[in-house]
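Engineer: In the numbering used here, the protein residues as written are 10 to 467.
A single structure is presented below for examination.
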C-alpha cells in the first residue's frame, strides 16, 4: 500500500456516516375496493357543471334580447325606407312650402298653381296636350280611326309680311282664314315701328330693319338657380347660350351691348358669381370682336374705364406685388385698376441741413420796396446781399411804418415786397441808377430826391 494516496488528512474532519434507506412497506388492496380517484361523490361532480350551464343560459338570454332589439330597429328602418320610397318627387311634396313652389314653378303658391292647372285642363295623363311641329303630316293631326284629335290641338306657324296699309293686311288675313276650315291665322300689327316676331323684335329705322332680342312683359327671368345640384359647366353653358342667342338675334352692336348688360343684371340677380359672369361674357365677346375689326362700338362688358393709381416706386419686388394685388381687386370690383409708379425727386430724399435764403447772389443791386397795404414805396441800393438788407429793414422806417400806421405786431416775410430794379457793376453804378430811379418813380418813403453822394462822385 505504499503507492496508495491517503484520502483522510490529519487537518480535515471525517464526514458523518449516513443512515441506510428505509424500506417501504407494500399494502396490497383488495379487488372489491375501488381506487380513491374513482370514488367521486355526485355532489362534487355536479357543482362546476351547473355553474357553467347557468352562465351559458344567462348569456343566451342576453343575446336573445339583443336580437329582439336589432329586429325592432331593422323593422323601423324598413318602415322609413318604405316611407321615403312612397315620397316621390312631385308637386304635392312641396305644396306646404310657398318658397319651394315659387322656386320650381314660378307661381307664388300652390293655390295659384292649382288654379292655373285646372283652367288649362290638360287631362289626367296629359292626353289633352298634343305636340305639333312643321314635320307633322296631315294624317297625324286630323281625326281618323287610329288618331284621336285633341280639343286644344293647334298648328302654329308665324309669318312676317310687309303690306302697304292696314286694310290690305286685314284682306290678306281674311283670305288666309277662308282657305281651309282647319286653318286659323291671327295678326299683330307694328306699334311704334316695333313688331315682335319669333323671339326677336323688329325695329324699323327709315328704310332699314333692325332686330334685337324680345322679352315678353310676363318674363320673370327665372333660369337655372346657381345653388341647384347641377355641374358648373352647365351653368356656364347657360350664359354662353344666352349670349349666343343675343348675338345672333341682334343686328347691331348697340342692341347686343344692351342685351349683354341685361343678361349681366339678370344673372347677378340670380346670385351667380360676378367673376363667372364677367369671364364668360369677356371670353365670348373677345373673339367676336376680333373677327369684326371694323366695329367701333364700346361694350361695357369688355372695355371698362381704366382707373390709374399713382404710387411711389420703392423697388421692383414691391411693384410686382402691388400689381398682383390690384389685379385681384379689379376682378372683385369689376373695375380695371392700373398702378402708375412715380419715383421721388432727390430733394425729397436729401434733407436740407441749412435753410436756403430766397434771394441769393443779389449784390450791388438797386431795389424797390412796395407796401401791399398802401401805396408807399421805397428805392434804395446795396452792395451786400439783398436778403441781409431785407432783414435790416425790419427796424428801419419801413418796419416802423408797418407797426405804427398798419398796427402790425409782428412783421412777417418781407421778401415778396422787394424786387430788383437794376443789377449794377459797382458802388458808383448803384448810386447813379438809384438817383435815376428815384427821380423816375418818386417813391414816398425816400427823404431825398436824388443821391448827394452820386453828385459828389460826378
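Cβ coordinates follow ideal geometry from the N, Cα and C atoms, glycine included.
Note that the structure is a prediction, hence the values are computed from the model and not measured.
Find the nearest neighbour of residue 420 within the set 123, 447, 448 and 382, judged by alpha-carbon distance.
Structural biologist: Your numbering for residue 420 matches position 411 in the chain shown. Comparing Cα positions, the closest option is 382.
Engineer: Work out the CA separation of residue 248 and residue 296 for me, nearest whole Å.
Structural biologist: If you number the chain shown from 1, residue 296 lands on position 287. If you number the chain shown from 1, residue 248 lands on position 239. Cα-Cα distance, rounded: 16 Å.
Engineer: So who's on the other strand from residue 316, going by DSSP bridges?
Structural biologist: As a first step, residue 316 must be located in the chain shown, where it is residue number 307. In the DSSP output, where bridge partners are listed per residue, residue 316 has 346.
Engineer: Sort 189, 221, 168 and 227 by Cα distance to residue 198 and report the nearest one.
Structural biologist: Taking the chain shown and counting its residues from 1, one reaches residue 198 at position 189. The residue with the shortest Cα to Cα distance from residue 198 is 168.
Engineer: Does any residue of chain B have a CB that is nearer than 8 Å to the CB of residue 337?
Structural biologist: Reference to chain B is not applicable here, since this structure consists of a single protein chain.
Engineer: Look at the alpha carbon of residue 99 and the alpha carbon of residue 109, and state the distance between them as a whole number of angstroms.
Structural biologist: Looking up residue 99 in the chain shown gives position 90. Looking up residue 109 in the chain shown gives position 100. Those two C-alpha atoms are separated by around 12 Å.
Engineer: Tell me where the beta strand (DSSP E) around residue 221 begins and ends.
Structural biologist: The residue given as residue 221 occupies position 212 in the chain shown. From DSSP, the beta strand (DSSP E) with residue 221 extends over 217-222.
Engineer: What are the boundary residues of the alpha helix (DSSP H) that residue 437 is part of?
Structural biologist: By 1-based counting over the chain shown, the position of residue 437 is 428. From DSSP, the alpha helix (DSSP H) with residue 437 extends over 436-450.
Engineer: With a threshold of 16 other CB atoms inside 10 Å of the CB of residue 433, please say whether the residue is buried or exposed.
Structural biologist: By one-based count along the chain shown, residue 433 stands at place 424. Its Cβ being crowded by 16 or more others within 10 Å, residue 433 is buried.
Engineer: Along the chain, where does the alpha helix (DSSP H) that runs through residue 184 open and close?
Structural biologist: Indexing the chain shown from 1 puts residue 184 at position 175. 175-186 is the extent of the alpha helix (DSSP H) around residue 184.
Engineer: Could you please give me the residues that DSSP links to residue 294 through a beta bridge?
Structural biologist: Along the chain shown, one-based indexing puts residue 294 at 285. Answer is none; residue 294 lacks a bridge partner.
Engineer: Which residue wins for smallest C-alpha separation from residue 205, given the options 394, 220, 413 and 103?
Structural biologist: Residue 205 sits at position 196 when you count from the first residue of the chain shown. Residue 205 has its Cα closest to that of 220, out of 394, 220, 413 and 103.
Engineer: Is residue 281 helix, strand or coil when you go by DSSP?
Structural biologist: To locate residue 281, count along the chain shown from 1; it is residue 272. The answer is coil: DSSP assigns residue 281 none of H, G, I, E or B.
Engineer: Specify the secondary structure class of residue 197 as computed by DSSP and reduced to three states.
Structural biologist: Residue 197 sits at position 188 when you count from the first residue of the chain shown. Here residue 197 sits in coil by DSSP.
Engineer: Quick one: Cα of residue 3 to Cα of residue 321, how far?
Structural biologist: Past the boundaries of the shown model lies residue 3; the chain is included only from 10 to 467, so the question cannot be answered.
Engineer: Give the DSSP-derived three-state secondary structure of residue 514 in the structure shown.
Structural biologist: Nothing about residue 514 can be read from this structure; the chain reaches only from 10 to 467.
Engineer: What does the Cβ neighbour count give for residue 274, buried or exposed, with the cut at 16 atoms within 10 Å?
Structural biologist: Here residue 274 refers to the residue found at position 265 when the chain shown is read from its first residue. So residue 274 ends up on the exposed side.
Engineer: In angstroms with no decimal places, state the Cα-to-Cα distance between residue 291 and residue 269.
Structural biologist: As a first step, residue 291 is located in the chain shown; it is residue number 282 there, counting from the start. As a first step, residue 269 is located in the chain shown; it is residue number 260 there, counting from the start. Their backbone Cα atoms lie some 10 Å apart in a straight line.
Engineer: Among 446, 422, 417 and 418, which has the Cα closest to the Cα of residue 431?
Structural biologist: Residue mapping note: residue 431 aligns to position 422 of the chain shown, counting from 1. Taking only the C-alpha atoms, the option nearest residue 431 is 446.
Engineer: Taking only three categories from DSSP, how would you classify residue 168?
Structural biologist: By 1-based counting over the chain shown, the position of residue 168 is 159. Of the three classes helix, strand and coil, the one that applies to residue 168 here is coil, per DSSP.
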